[in-house]
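Colleague:
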Amino acid sequence: MTAPKIKIQELDSVVIRFAGDSGDGMQLTGTQFTNTAAIVGNDISTLPDYPAEIRAPAGTLAGVSGFQVQLSEHDIWTPGDAPHVLIAMNPAALKVSLPDLDVAATIIVNTDAFSKSNLKKAGYASNPLKDGSLDKYTVYKMPITSLNRTAVKEVESLSSKGVDRSQNFFALGLVYWLYDRPLENTLAWIKTKFAKRPEVAEANILALQAGYFYGDTTRAFQTRYRIRAASLPPGTYRKVSGNEAIALGLVTAAQKADKLLFYGAYPITPASDILHTLAPLRNYNVITFQAEDEIAAMGATVGAAFGGVMAVTGTSGPGLALKSEALNLAVMLELPLVIVNVQRGGPSTGLPTKVEQSDLLQAMFGRNGESPIPILAPATPADGFEIAIEAYRLAVRAMSPVMILSDGYLGNSAEPWRIPDPDSIPPIIIEHPTAANSDDGSFLPYKRDPITLGRPWALPGTPGLEHRMGGLEKSPEKGNVSYAPEDHQRMTDDRAAKVARLADVIPEQTVFGPKQGELLVIGWGSTYGAIHAAVARAQTKGQSVAQAHLRYINPFPRNLGFLLQRYRHILVAEMNMGQLSLLLRGRYLRDLATLHKVKGRPFKISEISHKIDEILAGAAS
Amino acid sequence: MSTLEPLHLSRRDFVSDQTIRWCPGCGDYAIISQVQKVLPDLGIPKENIVFISGIGCSSRFPYYMDTYGIHSIHGRAPTLATGLKIANPELSVWVITGDGDALSIGGNHIIHTCRRNVDLNIILFNNRIYGLTKGQYSPTSPQGIRTKSSPMGSLERPLNPISLALASEATFIARTVDIITKHMGDTFLKAARHKGISFVEVFQNCVIFNNGAWQPYSDRQLRSDNDIFLENGKPMIFGQNDDKGILWGKSGLEVVELGDQYSEDDLVVHDTSSVTQAWMLSRLTYPMPIGIILDVQCPSYEQAAWAQVQEAKMQKGEGTLAKLFHAADTWQIQPHDGDRPASQMTVHSRLPSNLDEAYMDDLLNDLNESELEERLGDMDIAALKPHAPILVADSARVDHAVQLMQKHNIGCLLVTSADGHLSGILTENDVTNRILGHDVDTHASTVAEYMTVDPVALGLDTPVIESLHLISTYGFRHLPVVDEHGLPLGILSVRDIIHFLATVL
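In structure tokens:
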């Protein structure tokens, strides 16, 4: 019998999802596959999908852990709409992933896990591998558990659980063969990471190789795939998630400002990873403070800002609700600090692990009184790095708290990040006054800089500049308590003006696509990738569509109003019920089309493409 | 900003240009005056002193001090003070708060600030009333007090600030009285010199809304009989003629008359290092303990936080951005070379974050797993092949049940209800302990009266490990096995399980 000849098919991109029980190590598997893809030069974008419950029972739908990665020979912006390939380690993983799959998807299943009890736990009345329900897909049934047990049986001192724990590497080896990937990187990785557990390293290596050779020798697949390298700019890369990027940006800003970084926070999903990333960085002059509640975290951050360090807090929507009181005090005291809101679905406790962009109006207006603050939003995970630095730069310029609006999707998904040269990042220059600033020799804590309207940031410990401030309204310059009508009007105007004047220093809004035309699609935050891909598609179809993605939301870039006049139609796509569109309409009196979605998941490219087509079709008719 | 030169500061240096706006006769005047008087004695340059307050009458305090200060928001002053002290441990940071501010809206912050032992000086102005909002009862108001918000008397029991501070692990706790100015000033000095949290309750009189609330303890005539002024190392004596004392009685601290029966030697000697004694004192209201109640040392939070920074630098070296950026798996992409860029990976020894917790725990913990658990692994009760049970209806007579046991030579019957569900278990022990020798008419009594109702039952899919757990934790000798509807399927005895273990291990 001669083996069928195996074809190698070239693809320009592919979306792969690894799914299994949270004990199966799917995040590790997906991460390894992604790393290898990155090394061979593909562009990558990943989306981990953790179980909603901390320790959901094994084998259940709630316990499924998934990791989706798109790799491509060209720039990509999202982890992909629909997986082309699914590796399902058990029935629950299959069931959870099926609705998302591409119509012509390939499914690799671990048949050993399709026992009666596992099928029951996943809520399958009949075995989907046998009842024909998967007929429209290409299904490869592989007894991964038993194949793997045979492969690693010679490793001594490994428990039976330990043996099965390596089966994710068997699956990974199989996929490496299928996508013509080298094993070397993962082999080296295993040796380094499990150096202290040689038996684990050995098992994982045997499993990986066995999976690869199984693909090679059994000829179970008729086709192998190859994705050519993307032409990423040369440099040193690593992966960063949005939460990591923000943490790195904060540390960078602190070093560039020559300050200790104080991060005061209360644990909250999906923002806690920023705390976790910063907590071990004590040797970088970082102090993290886990407060007794969200209120205390904000209060301590205000106190730390008064003390002269770089003060930052992070939270998610429900936490921001609690923080609004002390945040408003920072507005009144005019102290520079950064507050990161990694948004999640709301209202109330809402959807802690799901993405939404519905805190924009809370960020804008969720405080009593006239209380404007600058708001920035990273467009991609890696963009969090620059946004964090920028946020602090603006905070010290305006002497104001600055909000970063990230979200759960940005926070958890990762992309390659070209590591910058630290010296290329400009310093953040802060001058703390050391002498009186009035003719009579007294210190005026609210005497504003004529250009920025920021007030002097005098630090306790500086002789002669002793001053008192509070949440009560105050007189200009002196800052003494004052309820005088003109004083309140003047201070309110000044607080608004100093935020508005940031528009003088933030970059003008850029546009991807024609500088004028039929349609401009506007978004902010994590929708960047999906909108960009949809707009790029429309442009290749010859449609006159451009994208403007806002990283600065308050104040808006100074040319935004002008841009809005250059297109016949404006579409605002956001994962809320129309918050940016409300701001844009109010500010620019411009009619807008809107695309809303609050399903706890990011936009699919196709959803935006569809809306673009709809608008352009309507315009044509 | 330390200096070797004498500072030559005086009270006047701490008075700001703002006109004080407390009501005439308010106890706050005496407090601010004492603070301003003792601050020069601390030898701290005034630019290093910061007062942070919340909201309330007392919280206007920082405006009147010529130091740094923040008049913050209701109840949150300890949080700002904590952040400030961490940011700059050189500063002497004072928290000015009231009974409503600290104990009601700010209750949580007080607890945690004390527990962390941040080096702050908290001065609690306790006047047992809300003054700024014009006279509602506060968390320290006595129960039954009639105020604007409690016209028929307040229903709430008051909080004891000293007990709260103790329960919150504060390391310096004291009480003083607004009009006993010398004592108050000394107490502030000692509080300021204590490294770590200092919590000072001041009995403060609100002349408008709660005048005389502390009169028994502040009035010059009354207080010597009602207060005990605590001094470390001294016996607890009080009374106008030093004729009363406190000793350890059967149920705690007891007041006695000195004279024939008791002398000074019988009295408790005040020990500010004893938490137990401090607790007893905090519960005492006659006499009212005034003075330093507790004074113990432990590292302060901000010191420890900065020590961690230093320790981390010693261990890992000063962090640089280049090091930080590369602390992950990295790869290089070289300038384009034909179809595929040459690239190379550097593996960092740190495991990536965001891995599956269950997988990682398993990976890191499995060496600790016991041999038994390992062997039993996923085995469930079905593997033990439980015996068919002997059933008896709960309505059956007891003598019938005993005969069944005898006949089958077994020690346990499963009892079923009328619909066949497992409703109980009747064991040899029940028979020996509850029936025999208890004058039970076994012909007239039913099984239902003597069985153990709703016993813990296993399913066929229950892990064997769990049955072992039940036996070892609760001492069960027999475990019924039921199906998913609660119908009895079988029974396992301890002996069955031991036999099974012998075959597996």
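These protein sequences, in sequence, are chains W and V. Each residue of the first sequence is one higher than the one before, counting from 802 in my numbering. Each residue of the second sequence is one higher than the one before, counting from 2 in my numbering. We put the CB at the ideal spot given by N, CA and C, even for glycine. Keep in mind it's a predicted model, so treat the numbers as computed, not measured.
1. Give a yes or no on whether 8 angstroms exceeds the smallest Cβ distance from Glu-1267 (chain W) to chain V.
2. Suppose contacts are defined by Cβ-Cβ distances below 8 angstroms. Is Pro-880 (chain W) in contact with Gln-869 (chain W) by that definition?
3. Within the 8 angstroms Cβ cut-off, does Ser-17 (chain V) reach chain W?
4. To the nearest angstrom, report how far apart Arg-1168 (chain W) and Ser-898 (chain W) are at their CA atoms.
5. Any contact of the region 151-165 of chain V with the region 74-88 of chain V, i.e. 3+ C-beta pairs under 8 angstroms?
6. Roughly how many angstroms separate the alpha carbons of Gln-43 (chain V) and Leu-1152 (chain W), rounded to a whole number?
7. Check whether the Cβ atoms of Leu-471 (chain V) and Leu-490 (chain V) sit closer than 8 angstroms, and answer yes or no.
8. Is there a Cβ from chain V that is less than 8 angstroms from the Cβ of Thr-1037 (chain W)?
9. Just reading off the alpha helix (DSSP H) that Cys-115 (chain V) is part of, what are its end residues?
10. Which chain V residues are close to Tyr-1085 (chain W), counting only those with a beta carbon under 7 angstroms from its beta carbon?
11. Which residues, taken in chain order from the region 1251-1282 of chain W, show a beta carbon closer than 9 angstroms to some beta carbon of chain V?
12. Of the choices V:Gly-234, V:Gly-213, V:Val-16, whose alpha-carbon is the least far from that of Arg-224 (chain V)?
13. Show which residues of chain W have a CB atom less than 8 angstroms away from the CB atom of Gln-304 (chain V).
14. Spatial neighbours of Leu-984 (chain W) within its chain, please: CB distance less than 8 angstroms, with the 5 preceding and 5 following residues excluded, ordered by chain position.
15. Cα-Cα, which of W:Gly-1265, W:Gln-1144, W:Val-1282, W:Ala-820 is closest to Asn-1377 (chain W)?
16. Grab the span of the beta strand (DSSP E) containing Leu-1320 (chain W) for me, first residue to last.
17. If you draw a straight line from the alpha carbon of Ile-238 (chain V) to that of Met-315 (chain V), how long is it in whole angstroms?
18. Are there three or more Cβ pairs, one per stretch, closer than 8 angstroms when the region 1292-1301 of chain W is compared with the region 1188-1208 of chain W?
19. Can you tell me whether DSSP reads Gly-1258 (chain W) as helix, strand or coil?
20. Spell out the partners DSSP gives Phe-173 (chain V) in its beta bridges.
21. Rounded to a whole number of angstroms, what is the C-alpha to C-alpha distance between Thr-832 (chain W) and Asn-919 (chain W)?
22. If you follow the alpha helix (DSSP H) that Glu-303 (chain V) is in, where does it begin and where does it stop?
23. Please list, in chain order, the chain V residues whose beta carbon lies closer than 9 angstroms to that of Val-964 (chain W).
24. Counting contacts by CB-CB distance shorter than 8 angstroms, is Ala-1008 (chain W) in contact with chain V?
25. Provide the residue span of the alpha helix (DSSP H) that contains Asp-774 (chain W), from first to last.
26. With 8 angstroms as the threshold, decide whether the Cβ of Leu-975 (chain W) is near any Cβ in chain V.
27. Suppose contacts are defined by Cβ-Cβ distances below 8 angstroms. Is Gly-1271 (chain W) in contact with Ile-71 (chain V) by that definition?
28. Inspect the CB distances between the region 838-853 of chain W and the region 1203-1223 of chain W and report whether three or more fall short of 8 angstroms.
29. Any idea what DSSP makes of Tyr-980 (chain W), helix, strand or coil?
30. Enumerate in chain order the residues of its own chain whose CB-to-CB distance from Lys-922 (chain W) is below 7 angstroms, with the five nearest sequence positions on each side excluded.
31. Write down the C-beta distance between Gly-511 (chain V) and Pro-79 (chain V) rounded to the nearest angstrom, noting that I regard them as a contact closer than 8 angstroms.
32. Give the single residue among W:Phe-1107, W:Trp-1325, W:Ala-1105 whose Cα lies nearest to the Cα of Gln-1374 (chain W).
33. Tell me, please, which residues DSSP counts as bridged to Cys-413 (chain V).
34. Candidates W:Thr-1293, W:Leu-1260, W:Asp-1305: which alpha carbon is nearest Leu-1273 (chain W)'s?
35. Is the Cβ of Val-36 (chain V) closer than 8 angstroms to any Cβ of chain W?
36. Just the Cα atoms here: how many angstroms apart are Glu-811 (chain W) and Ala-1418 (chain W)?
Modeller: Inspection of the coordinates gives the following:
1. yes
2. yes
3. yes
4. 41 angstroms
5. no
6. The sequence given here places Leu at residue 43 (chain V); Gln does not occur at that position. If you take the alpha carbons of Leu-43 (chain V) and Leu-1152 (chain W), they lie about 53 angstroms apart.
7. no
8. Closer than 8 angstroms: yes.
9. Where Cys-115 (chain V) is concerned, the enclosing alpha helix (DSSP H) stretches over 108-117.
10. Gly-320, Leu-325
11. Ala-1259, Leu-1260, Pro-1261, Gly-1262, Thr-1263, Pro-1264, Gly-1265, Leu-1266, Glu-1267, His-1268, Arg-1269, Met-1270, Gly-1271, Gly-1272, Leu-1273, Asn-1281, Val-1282
12. Relative to Arg-224 (chain V), the option among V:Gly-234, V:Gly-213, V:Val-16 whose CA is nearest is V:Gly-213.
13. Those do not exist, as Gln-304 (chain V) stays about 12 angstroms from chain W at its closest Cβ, beyond 8 angstroms.
14. Contacts found: Gly-974, Tyr-977, Leu-1009, Gln-1010, Tyr-1013.
15. Of the listed residues, the one whose Cα sits closest to Asn-1377 (chain W) is W:Gln-1144.
16. 1318-1325
17. 53 angstroms
18. yes
19. The question names Gly, yet the displayed sequence has Trp at residue 1258 (chain W). Coil.
20. Per DSSP, the beta-bridge partners of Phe-173 (chain V) are V:Ser-199, V:Asp-296.
21. 26 angstroms
22. 302-317
23. Chain V residues near Val-964 (chain W): none, gap ~11 angstroms exceeds 9 angstroms.
24. no
25. In the structure displayed, chain W extends from 802 to 1422; residue 774 (chain W) sits before or after that span and is not available.
26. no
27. Yes, the pair counts as a contact, with Cβ atoms nearer than the cut-off.
28. yes
29. coil
30. Cβ neighbours of Lys-922 (chain W) beyond the five flanking positions: Gly-860, Thr-861, Ala-893.
31. Since the first and last residues shown for chain V are 2 and 506, residue 511 (chain V) lies out of range.
32. The question names Gln, but residue 1374 (chain W) in the sequence shown is Ala. Considering only alpha carbons, the answer is W:Trp-1325.
33. Cys-413 (chain V) pairs with V:Thr-428.
34. Nearest of W:Thr-1293, W:Leu-1260, W:Asp-1305 to Leu-1273 (chain W), Cα basis: W:Thr-1293.
35. no
36. 34 angstroms
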